[in-house]
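According to UniProt numbering, the sequence shown is numbered sequentially starting from 1.
Notes to accompany the following structure.
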Amino acid sequence: SESQAEKAAKKQKLDEEVEEQKKHLQIMPNDEDDVYTEATPFARKVPVVDYEIYKENNKPYYNIIRADGSP
Numbered sequence: 001s002e003s004q005a006e007k008a009a010k011k012q013k014l015d016e017e018v019e020e021q022k023k024h025l026q027i028m029p030n031d032e033d034d035v036y037t038e039a040t041p042f043a044r045k046v047p048v049v050d051y052e053i054y055k056e057n058n059k060p061y062y063n064i065i066r067a068d069g070s071p
């Protein structure tokens, strides 16, 4: 079992190591890594009319029913 002084010294050393590690960490912005996604405008999306919940292997699944009838 450690004495209070040993515990305090160990904690102090650990805190110093953490501070030392924080000095080496630096957040660098990466503007070269832009991601392009193709988005559908809201005006072209088919509105959802209804939904139905069904179970397969005791897991609930949702069947979305759209205004144009597509699943």
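Each residue gets a CB set at the ideal place from its N, CA and C atoms; glycine is no exception.
From K10 to I53, what does the alpha carbon distance come to, in whole angstroms?
If I take the Cα positions, the gap works out to 57 angstroms.
Among residues of its own chain, excluding the 5 on either side of Y62, which ones have a beta-carbon nearer than 7 angstroms to its beta-carbon?
Result list for Y62: Y51 and I53, in chain order.
For the beta strand (DSSP E) containing D15, list its first residue and its last residue.
D15 -> not in any beta strand (DSSP E); alpha helix (DSSP H) instead, spanning Q4 to H24.
When DSSP labels each residue in this structure, what does N63 get in the three-state scheme?
Three-state result, N63: strand.
Between the alpha carbons of K55 and A67, how many angstroms are there, rounded?
Taking the straight line from one Cα to the other gives about 23 angstroms.
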